[in-house]
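Colleague: Handing you a structure now.
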Amino acid sequence: MKMKKSLLLASLVSMSAFLFACNGGDDSASGEGNDVTLDFWVFGATNYEDLAEAYEEENPDVKINIKTSELEDHHNSLFTAISAGSGAPDLTMIEVDQLDRYREAQDRFTNLYDLGAEEIQDQYLDWKWNMAENQEGDFLFGLPTDIGPKAMYYHTEVFENADLPTDPDEVSELISSPEAFAEAAGAVLEATDKPMVDSMEMAFRANMDALEVSYFNRDGELVIEEEDGVKNAYDYAVELHEQGYVSDFEMWTPEWGDALNKGSFGVEMAPAWLKGYMTENAPEASGDWRVTTLPSQFAGNWGGSYVAIPGETEHSEEAYEFSKWLLSPENQMKSFTESGLFPSTPEVYEMEEFTSNSDEYFGGQNTAEYFAEAAEEIPEVYKGPKYVTVNNEVLTALRNVQEGGDPEQEWEEAVERIEGLLDR
C-alpha cells in the first residue's frame, strides 16, 4: 500500500512538473501566462483607442492600455522616463518637432530596423521615413503616423471682391510664387481693406516650414543667419507686415476663430489638420472657404508624429507588430476618415474612399487631393533638439515687430537670446 502511494505521489509530481514546463509557470496556470499588456502613450485627437480595440479582438492575447495627454505634458513625461531609464511605456507617439530632442538618447529606444522595419519602408513617403533615421541611416526611431502637408485655404468672397479667381486650380496658377502671393495680397488689401494673412507666425512659416535645414545643421551647429534660410523667412514676414498684408490674430484664440467665421483675412497657409478646427469652430463660414496648393517655395510640413518603442519594454516584438498594423495604409485610411489624420502612406491617396472624398464645409470640394499633391513635394527636414526653444524666440521677435519694434534690432536681440540659451 505504501509503495502504491509513493508511486502515485511520484506520478503526480512528474505530471505537475510537466504541466509547469509546458505552460510556463504559475502565471499560465491562471490562463494569463501568454497574455501581453502594452502601454501606449498618445496625444491629441486620434482614433487609436478604437483601432486598439479592433486589434485586441483579432489578437485576444494582447491588451493595449492607452494614455492620452496634452502635447507638452506628454513629451515632458516621456523625456523624464527615458532619462531615468524607468517608467516609459511600451509604445509612444513622438511629435515631429520633438523627435530630434530624443536622438541623443538613441540607446533608450528600440531600433525598428532590428525588428524588420525595412520590409515596410516602401509603404511610406520617403521624406517622412528618412526623418526618423539617425544620421548614419542604420537606426530607425519610429514608424510614421500622420503628416501635416500645408496648402492654401482661401476665402472665396474675399477673393471675389478683390477680382481674384476663386476656382482652386486658377488660384494655384495665379499665386505661384512668393512675389505673386504678395501681389495678390495687395489686391485684397486695396479692394477689401482686409489683410491677406492672419498672423506674423503664419507669414513666417510660409518659408520656414519648407527649409530643409532650419535653425541647426546635422552637426548641431546653429545656422540661423545663413542666407536663404531663417533670416530670409523672417524678412519676408516683416515685408508683408510693412505692406499691411498681415493681421494680428493669434491662433486658437476666440478672436481668431471669429475672424475665420467672418472672413476677416484672405488666406490661411496651414496644414490639413486645420480643417477639423474650422469645421467645429467657424461653422458660419461653411461653404466660404476653399483649398488649393501653395507656391512650391512654400511647400512644407507642419505637424505629424511617429510611434516609437522605448528600449526598456519587455515586449518589443509585440509592440512592433501592433504599431505596424496600426499605421498600415488601411488603418491610416480609417484614421483619416475618422479623425482627420492625414496619411503618410501614398497608397491611401489612390484609394476610392480618398479620391472620392468630399468636404461639405469647403463647398463639396475634394480638399484631400490638394494636400496629397503637397505631401509629395515636401523636403526632408532637420530641425534639431532645441527647435522649439529657438523657434519661440524668433516668434517673439516677430510679435515685437508687429507692436512697433525695429525689425533688425529685434532680430539681433533674438539671436543673442538664442545663443545665451544654447550656452547654458
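All letters in the sequence shown, in the order written, are residues -21 to -1, 1 to 403 by mature numbering (1 follows the signal peptide of the UniProt record, and there is no 0).
Using N, Cα and C, we set each Cβ at its ideal position, and we do this for glycine too.
Assign Trp231 to buried or exposed, taking buried as 16 or more other Cβ atoms, counted over all protein chains shown, within 10 Å of its Cβ.
Modeller: The residue in question, Trp231, is exposed, as its Cβ has fewer than 16 Cβ neighbours within 10 Å.
Colleague: Rounded C-beta distance between Ala159 and Thr272? I'm assuming under 8 Å.
Modeller: Actually they are not in contact, since the Cβ atoms of Ala159 and Thr272 sit about 13 Å apart, beyond 8 Å.
Colleague: Sort out for me which residues DSSP pairs His134 with in a bridge.
Modeller: Beta-bridge pairing links His134 to Trp268.
Colleague: At the level of alpha carbons, what is the spacing between Asn310 and Ile203?
Modeller: Distance between the alpha carbons of Asn310 and Ile203 is about 39 Å.
Colleague: Counting Cβ pairs, one atom from each stretch, are 3 or more of them under 8 Å apart for the region 60 to 78 and the region 246 to 263?
Modeller: No, the region 60 to 78 is not in contact with the region 246 to 263.
Colleague: Is Trp235 near Gly127, with beta carbons less than 8 Å apart?
Modeller: Not closer than 8 Å, so no.
Colleague: Would Arg80 and Asn113 be called neighbours here (beta carbons separated by less than 8 Å)?
Modeller: Not in contact: Arg80 and Asn113 (Cβ atoms no closer than 8 Å).
Colleague: Buried or exposed: where does Gly279 fall if 16 or more other Cβ atoms within 10 Å of its Cβ makes it buried?
Modeller: With 16 or more other Cβ atoms within 10 Å, it is buried.
Colleague: Is it buried or exposed, Glu162, if we count other Cβ atoms within 10 angstroms and call 16 or more buried?
Modeller: Burial call: exposed.
Colleague: Considering Leu201, what are the terminal residues of the beta strand (DSSP E) in which it resides?
Modeller: Where Leu201 is concerned, there is no enclosing beta strand (DSSP E), given that its DSSP letter is neither H nor E.
Colleague: Might you give, ordered along the chain, the residues of its own chain that have their beta carbon closer than 6 Å to the beta carbon of residue 406, omitting 5 neighbours on each side?
Modeller: There is simply no residue 406 to check, as the chain begins at -21 and stops at 403 in what is shown.
Colleague: Just tell me which of Glu98, Ala33, Gly95, Glu221 has its CA closest to the CA of Asp385.
Modeller: Nearest of Glu98, Ala33, Gly95, Glu221 to Asp385, Cα basis: Glu221.
Colleague: Going by DSSP, what residue range makes up the alpha helix (DSSP H) through Phe195?
Modeller: Where Phe195 is concerned, there is no enclosing alpha helix (DSSP H), given that its DSSP letter is neither H nor E.
Colleague: For Glu11, I'd like the list of residues in its chain whose CB is within less than 8 Å of its CB, leaving aside the five on either flank, ordered along the chain.
Modeller: Reliability fails at Glu11, whose pLDDT of 47 lies under 50, so the model's placement of it is uncertain and no value is given.
Colleague: Within 10 angstroms of the Cβ of Asp6, are there 16 or more other Cβ atoms? Answer buried if so, exposed if not.
Modeller: Residue confidence is low: Asp6 scores 40 on pLDDT, short of 50, so the model does not pin down where it sits. Its coordinate-derived value is still stated next. Classification of Asp6: exposed, given that the 10 Å Cβ count is below 16.
Colleague: Of the choices Ser48, Asp93, Met187, whose alpha-carbon is the least far from that of Gly116?
Modeller: The shortest Cα separation from Gly116 among Ser48, Asp93, Met187 belongs to Asp93.
Colleague: Can at least three beta-carbon pairs, one atom from the region 137 to 145 and one from the region 347 to 366, be found at a separation below 8 Å?
Modeller: As far as the Cβ criterion goes, the region 137 to 145 does not touch the region 347 to 366, which means the pair count is below three.
Colleague: Which term fits Glu74, buried or exposed, when burial requires 16 or more other beta carbons within 10 angstroms of its beta carbon?
Modeller: Glu74 should be labelled buried.
Colleague: Nearest CA to the CA of Asp402: which residue from Phe118, Leu201, Pro233?
Modeller: Checking every option, the nearest Cα to that of Asp402 belongs to Leu201.
Colleague: Is Trp235 helix, strand or coil when you go by DSSP?
Modeller: Of the three classes helix, strand and coil, the one that applies to Trp235 here is helix, per DSSP.
Colleague: Residue range of the alpha helix (DSSP H) that Val367 falls in?
Modeller: Val367 -> alpha helix (DSSP H) spans 366 to 381.
Colleague: How is the alpha helix (DSSP H) around residue 446 delimited, first residue to last?
Modeller: Lying before the first or after the last residue shown, residue 446 is absent from the chain, which here runs from -21 to 403.
Colleague: So for Ser284, helix, strand or coil by DSSP?
Modeller: If DSSP states are grouped into helix, strand and coil, Ser284 belongs with the strands.
Colleague: Tell me whether Asp125 sits in a helix, a strand or coil according to DSSP, three-state version.
Modeller: Of the three classes helix, strand and coil, the one that applies to Asp125 here is strand, per DSSP.
Colleague: Taking one C-beta from the region 170 to 185 and one from the region 335 to 345 each time, how about it: are there three or more such pairs within less than 8 Å?
Modeller: Contact fails: fewer than three Cβ-Cβ distances are below 8 Å.
Colleague: Does the beta-carbon distance from Tyr132 to Glu317 come in below 8 Å?
Modeller: Contact: no.
Colleague: Give me the residue from Tyr366, Tyr27, Thr25, Met110 with the minimum Cα distance to Gly199.
Modeller: If we check each option's Cα against that of Gly199, Tyr366 comes out closest.
Colleague: Excluding the five sequence neighbours on either side, which residues of its own chain have a C-beta within less than 8 Å of the C-beta of Tyr285, listed in chain order?
Modeller: So the qualifying residues of the chain are Met72, Ile73, Val75, Leu78, Ala111, Phe120, Gly121, Leu122, Pro123, Thr124.
Colleague: Grouping DSSP H, G and I as helix and E and B as strand, with all else coil, what is Met248?
Modeller: Reduced to three states, the DSSP call for Met248 is strand.
Colleague: Taking 8 Å as the threshold (C-beta atoms), are Val167 and Gly245 in contact?
Modeller: Going by C-beta atoms, Gly245 is nearer than 8 Å to Val167.
Colleague: Would you decide whether Glu180 is buried or exposed? Buried here means 16 or more other CB atoms lie within 10 Å of its CB.
Modeller: It is buried - the Cβ of Glu180 has at least 16 other Cβ atoms within 10 Å.
Colleague: Give the DSSP-derived three-state secondary structure of Asp86 in the structure shown.
Modeller: Of the three classes helix, strand and coil, the one that applies to Asp86 here is helix, per DSSP.
Colleague: Name the two residues that bound the continuous alpha helix (DSSP H) containing Glu112.
Modeller: Premise fails: Glu112 is in no alpha helix (DSSP H) and is neither H nor E.
Colleague: Restricting to Cα atoms, I'd like to know which of Leu219, Ala238, Trp106, Asp267 is closest to Ala189.
Modeller: Looking at the Cα atoms, Trp106 is the closest of the given residues.
Colleague: Evaluate Asn44 with the Cβ neighbour count: other Cβ atoms within 10 Å of its Cβ, from every protein chain shown; 16 or more gives buried, anything less gives exposed.
Modeller: The residue in question, Asn44, is exposed, as its Cβ has fewer than 16 Cβ neighbours within 10 Å.
Colleague: Taking 6 Å as the limit between beta carbons, can you name the residues of its chain near Lys313, skipping five residues before and five after?
Modeller: Excluding residues within five positions, none has a Cβ falling inside 6 Å.
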